[in-house]
Amino acid sequence: MTIIEVPEGWPADEREARAVQDALRARVSLDEAGPRPGVGAVTGVDVAYDDDRGLVAAAAVVLDAETLAVVEEATAVGRVAFPYVPGLLAFRELPAVLAALGALRSAPGLVVCDGYGLAHPRRFGLAAHLGVLTGLPAIGVAKNPFVHAHGELGPRRGDTAPLRADDGTELGRALRTQQGVKPVYVSVGHRVSLDNACAHTLRLAPRYRLPETTRLADRRCRDALTAALTRPADPGSADPVRGVV
DNA sequence: GCGACAG
DNA sequence: ATCTTGTCGC
């Protein structure tokens, strides 16, 4: 487990954060198909919080894209650097996620985020932001609707309904990953096509509604948070609870 | 102005 | 995100 470091120049308020999004948005690459589903590595990232103590824990879990077997995992713990504001989630989650990703020894391959990519108020959600900062191909798979409504979609696994911007642009898709469950919301982050993002999501969810990447990352970051609360001060390393770094 | 609002 | 037991269903 590593200690989170907040990147230089991290925004201090909402106005600065929106300006960062508007500035970085142009760096998103939308002309690449991205990694082929089932080939190489796929990494899930997720974050858990202890609001009372202002603590955050992140996990990055690397899977073999073909077998979905765990290849490697890393966690990071530290203090929360930004409040939760709809549309600015990345500023709350990224410091922790970047720390966990940075602790990996193996190549992450495609990164699967909990949340949105382009289907965002300024078309620059968590997955797009992570992709731009790391250069890695990234997609967003959210559990709940956000700013874009969608029509009904079929009941079978693989059925979709588009998430459209006002100008008609398809920014994402509601995707049914299992029969009889609510859909997940897939959107492109960086260097991946929407078709490919949906194909990856389906492959990663052979049994449950959510992709194995997010299920595993969710489990690991919760464990890391519990461990940080249980075993606060690690002699020899900094204490994330007290913020001594 | 009011409500909605990823995690 | 997080607070939380039992319970319906495969």
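Residue numbers (our numbering): 46 to 290. Even for Gly, the Cβ is constructed at its ideal location relative to N, Cα and C.
Query                                                                                                                                                               : Result
Determine the burial state of ALA71: buried for a count of at least 16 other Cβ atoms within 10 Å of its Cβ, exposed for fewer.                                     : exposed
Can you tell me whether SER151 is buried or exposed? The criterion is at least 16 other CB atoms within 10 Å of its CB, across all chains shown.                    : exposed
Mark VAL130 as exposed unless 16 or more other C-beta atoms lie within 10 angstroms of its C-beta, in which case mark it buried.                                    : exposed
Helix or strand or just coil, what does DSSP make of HIS235?                                                                                                        : strand
Could you give the first and the last residue of the continuous alpha helix (DSSP H) run that contains THR271?                                                      : 257–275
Evaluate contact between the region 161–178 and the region 61–70, counting only Cβ atoms and requiring at least three cross-stretch pairs below 8 Å.                : yes
How is VAL51 classed by DSSP in three states: helix, strand or coil?                                                                                                : coil
Starting from GLY217, follow its DSSP beta bridges and name the residues at the other end.                                                                          : LEU208
Could you compute how far the alpha carbon of PRO80 sits from the alpha carbon of LEU261?                                                                           : 21 Å
Run the CB neighbour count on ALA219, radius 10 Å, all protein chains shown included, and call it buried at 16 or more, exposed below.                              : buried
May I ask you to report which of helix, strand or coil DSSP gives VAL290?                                                                                           : For VAL290, the pLDDT reaches just 39, beneath the cut-off of 50, and the residue's location in the model is therefore unreliable, although a value from the coordinates is still provided. Of the three classes helix, strand and coil, the one that applies to VAL290 here is coil, per DSSP.
Less than 9 Å between the C-beta atoms of GLY121 and ALA86, yes or no?                                                                                              : It should be noted that the sequence gives Ala, not Gly, for residue 121. Contact: no.
For GLU111, which residues from the same chain have a beta carbon less than 8 Å from its beta carbon, with the 5 sequence-adjacent residues on both sides left out? : GLY83 and VAL84
Please state the DSSP three-state secondary structure of GLU118.                                                                                                    : strand
Inspect the beta-carbon positions of VAL106 and GLU138 and report whether they are closer than 9 Å.                                                                 : no
Please classify PRO200: is it buried, with 16 or more other beta-carbons within 10 angstroms of its beta-carbon, or exposed?                                        : exposed
Assuming the contact rule is C-beta atoms closer than 8 Å, GLU215 and LEU133 should be a hit. Round their C-beta distance to whole Å, please.                       : The pair is not a contact, with the Cβ atoms about 24 Å apart (cut-off 8 Å).
From TRP55, ALA272, GLY176 and LEU149, pick the residue whose C-alpha is nearest to that of TYR161; which is it?                                                    : GLY176
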